[in-house]
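Let me begin by presenting the structure, written as structure tokens, before commenting on it.
Numbering (the numbering used here), first residue to last: 15 to 269.
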């Protein structure tokens, strides 16, 4: 890997990490950018991005834990569902075309963003409410998140955040859980990807260097913003991502 390529990977990781740390979403830009701009093979891009998410998960989880905004009971349930599903998703990523699942993610993110913007006020206090997922809901949501994120290389938050907002989880708690869900998904998917021979370690380290700095800054920024403003930002990003994914899917069919 060239010095220019490494610097580009670090910069891309930095931008993505800030977004991941602040609003829980940002990894979705990594794989398309690596493929379209960097010319990286899709399976290598997914594997390298997933490895980088280990660092964002560690940093983001640590910051939210220190701030007292990480709901551990819900996080544990999500982990139980996500861990085995992430392995299956990583295996499927090597063989299955993910366009149908990308379509589901696109529709989910767009719908949730529109719903969040249309809601005049949050039903729960965004600053202090604690929302604990039921056992069955938490494990199911974790499994869906683990499989889809490992399959598409999005890291987890882009799937989890819209689901949690749809379940009316306070936005800061949803972002905190999105930080935590990255850890088991990224670790298990990376182990599977390394065994499959699709992991590019220098690329993963370059992305990780940018991600770790960006995630730290973004997670601290999330706690500085007004929570209603933060919810609107998340909603707008969800809509934008959903539209971009739909455009990419449509372009793939036309092309």
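C-beta: ideal position from N, C-alpha, C; glycine also.
| Check | Outcome |
| --- | --- |
| Residue 184, enclosing alpha helix (DSSP H) - first and last residue | Element bounds for residue 184: n/a, residue is neither H nor E. |
| C-beta contact flag for residue 123 and residue 244 at 9 Å | no |
| Contacts around residue 35, its chain only, beta-carbon distance under 6 Å, and the 5 residues preceding and following it disregarded | 74, 229, 232, 233 |
| Contacts around residue 139, its chain only, beta-carbon distance under 8 Å, and the 5 residues preceding and following it disregarded | Because residue 139 carries a pLDDT of 47, less than 50, the predicted location of this residue cannot be relied on, and no value is offered for it. |
| Where residue 97 sits in the DSSP three-state scheme | helix |
| Complete alpha helix (DSSP H) runs within the stretch 175-259 (minimum length 4 residues, chain order) | 185-210, 215-236 |
| With 16 other Cβ atoms within 10 Å as the buried cut-off, status of residue 238 | exposed |
| For residue 87, three-class secondary structure by DSSP | helix |
| Nearest-angstrom beta carbon gap, residue 153 and residue 91 [assumed within contact, 8 Å] | 6 Å |
| Euclidean distance between Cα positions of residue 240 and residue 246 | 10 Å |
| Contact set for residue 95: own chain, Cβ-Cβ below 8 Å, skip 5 residues either direction | 152, 153, 154, 155, 156, 157, 158, 159, 160 |
| Cβ contact check for the stretch 217-228 and the stretch 78-89: 3 or more pairs under 8 Å | no |
| DSSP three-state assignment for residue 23, whether helix, strand or coil | helix |
| For residue 79, the first and last residue of its enclosing alpha helix (DSSP H) | 56-81 |
| Buried versus exposed call for residue 55 [16 or more other C-beta atoms within 10 Å across all chains shown] | exposed |
| Proximity to residue 24 [Cα-Cα], best of 221, 175, 71, 129 | 221 |
| Residue environment, residue 171, which counts as buried when at least 16 other CB atoms sit within 10 Å | buried |
| Beta-carbon proximity of residue 249 to residue 179, cut-off 9 Å | yes |
| Nearest residue (CA-CA) to residue 252, options 127, 51, 177 | 127 |
| Proximity to residue 68 [Cα-Cα], best of 98, 148, 195 | 195 |
| Separation of residue 189 from residue 52, as counted between CA atoms | 29 Å |
| Assumed close pair residue 198, residue 86 - CB separation to whole angstroms, cut-off 8 Å | Not really, about 14 Å apart at Cβ, beyond 8 Å. |
| Neighbour-count burial assignment, residue 66, 16 or more Cβ in a 10 Å radius | buried |
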